[in-house]
Structures are given as structure tokens and as C-alpha cells.
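One structure is given here, and the rest of the page talks about it.
In the UniProt record's numbering, the protein residues as written are 1 to 185.
Set out below in C-alpha cells:
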């Protein structure tokens with residue numbers, strides 16, 4: 001029936017991914033530079049807060065999960081095709097950041113984090129294709145991740161939060177350029 005479809009569309013509207021048009025149905029929400037900047041800033045600020053809490057609350061198992069996910073992320077070049085690289089890197093990158101965030105031990109903050117991640121996803125895909133397929137860009141990311149892990153394990157909360165915010169904002173200029181190139185901005 002149509003019930004599940006309506007429910008799915010209502011959920012997408014609530015998540016601001018789809019816009020309801022009165023008496024005419026639905027359309028995918030437009031992308032804009034203002035939304036790009038707002039979403040990324042909100043996400044970076046939230047991740048900084050979550051990281052500070054994680055450093056306060058995280059235990060040895062939390063540290064071990066960060067080290068394990070950082071290790072598998074660093075080994076991503078062992079895949080064969082560009083498409084596989086994109087998929088594997090993205091999955092491992094998300095796992096790395098989730099391992100860090102999980103240390104905050106706040107289901108509500110983690111839920112808000114996930115919601116922001118879902119909203120930023122369509123912008124992130126523009127960045128992924130530009131970045132992950134570049135060995136130079138991947139190496140920069142590897143260095144950022146290694147430095148972040150070092151500061152997290154040293155329990156330097158303020159510095160780690162600042163680094164996380166900077167790290168999460170690095171895609172914005174790249175996405176802005178891609179949006180302009182593709183006529184999306």
C-alpha cells in the first residue's frame with residue numbers, strides 16, 4: 001500500500017532531505033552554500049563537544065577501538081578499484097569517527113550527531129569523489145587522523161576538540177568549489 005511510502009516521505013521531510021509541495025507531492029530538497037556552511041559548522045561544533053566528553057568519559061576499551069579503526073583506515077590503499085576504494089574508505093572513515101564519538105556515552109548526543117551526518121551526506125558525496133581518489137589528499141587525511149589520535153590518547157581535550165572542528169571543516173571549500181563548478185551554487 002501507499003502507507004509505508006507516505007511514512008518514509010514524512011520522515012525525509014522531518015530530516016529536511018525532501019520538501020513537501022502543497023497539493024503537488026514532494027521534491028528533493030535543494031542544496032545551497034548557506035546550508036552547506038550551517039550544516040558543517042553545526043556538525044563540527046557538536047563533534048568538538050562530543051570529543052571533549054569522550055576524552056572525559058572514555059576508558060581503555062574506547063581507546064582500543066579508536067586505535068583499531070585508525071589502523072584499518074590507514075590500510076585502505078590495499079583495495080583494487082577506485083569505486084571499491086571510495087566505498088571502503090568511507091565505511092572505515094565513518095567507523096573511525098564513530099569510535100571516537102562513542103566515548104561520550106550520551107545516546108542523545110550520538111543521535112543528534114547521526115542526524116547531522118545524514119543531512120550532510122549529500123554534500124559529503126561531492127567531497128568524497130574529489131578527495132578519496134587523490135593519493136595526496138588521502139595522505140593529508142591520514143596525517144590529520146594520526147595527529148588527532150595522538151592528542152586524544154594524550155587526553156588533551158581542548159586541543160583535540162579544536163583539531164576535530166578544523167578537520168571536519170576541511171571539506172567545505174572543496175564542496176563549495178564543486179557546487180560552483182556543477183552549477184549547484
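Positions of the beta carbon are idealized from the N, C-alpha and C atoms, including for glycine.
Which two residues bound the contiguous beta strand (DSSP E) that contains residue 28?
For the purposes of this step, residue 28 is taken as the residue at position 28 of the chain shown. From DSSP, the beta strand (DSSP E) with residue 28 extends over 25 to 28.
What residue range is occupied by the uninterrupted alpha helix (DSSP H) comprising residue 120?
Counting from 1 along the chain shown, the entry for residue 120 is found at position 120. That run of the alpha helix (DSSP H) goes 107 to 131.
Would you report the Cα separation of residue 4 and residue 11, rounded to the nearest angstrom?
Reading the chain shown from its first residue, position 4 is the one you call residue 4. Reading the chain shown from its first residue, position 11 is the one you call residue 11. Cα to Cα, residue 4 sits roughly 11 Å from residue 11.
With which residues is residue 21 paired in a DSSP beta bridge?
As a position in the chain shown, residue 21 is number 21, starting the count at 1. According to DSSP, residue 21 bridges with 25.
Alpha carbon to alpha carbon, what distance is there between residue 81 and residue 130?
Within the chain shown, numbered from 1, the residue matching residue 130 stands at position 130. Within the chain shown, numbered from 1, the residue matching residue 81 stands at position 81. If you take the alpha carbons of residue 130 and residue 81, they lie about 16 Å apart.
Tell me the rounded alpha-carbon separation between residue 186 and residue 162.
Any property of residue 186 remains undetermined from this structure, which presents the chain solely from 1 to 185.
Report all residues from its chain with a CB closer than 6 Å to the CB of residue 179; omit the five preceding and five following residues, and keep chain order.
Working through the chain shown from its first residue, we reach residue 179 at position 179. 185, listed in sequence order.
Measure the C-alpha to C-alpha separation of residue 56 and residue 168 and round it to an integer number of angstroms.
Sequence index remark: in the chain shown, residue 56 carries index 56 (1-based). Sequence index remark: in the chain shown, residue 168 carries index 168 (1-based). So the two alpha carbons sit approximately 21 Å from each other.
Taking only the alpha-carbon atoms, compute the straight-line gap between residue 59 and residue 38 and give it to the nearest angstrom.
As a first step, residue 59 is located in the chain shown; it is residue number 59 there, counting from the start. As a first step, residue 38 is located in the chain shown; it is residue number 38 there, counting from the start. For residue 59 and residue 38, the distance between alpha carbons rounds to 32 Å.
So, using beta-carbon positions, are residue 120 and residue 43 closer together than 7 Å?
On the chain shown, residue 120 is found 120 positions in, with the first residue counted as 1. On the chain shown, residue 43 is found 43 positions in, with the first residue counted as 1. Yes, the pair counts as a contact, with Cβ atoms nearer than the cut-off.
When you compare each of 173, 46, 26 and 85 to residue 165 by their alpha carbons, which one comes out closest?
Position 165 of the chain shown, counting from 1, holds the residue named residue 165. Closest by alpha carbon: 46.
C-alpha gap between residue 27 and residue 14, whole angstroms:
Mapped onto the chain shown, residue 27 falls at position 27. Mapped onto the chain shown, residue 14 falls at position 14. About 13 Å.
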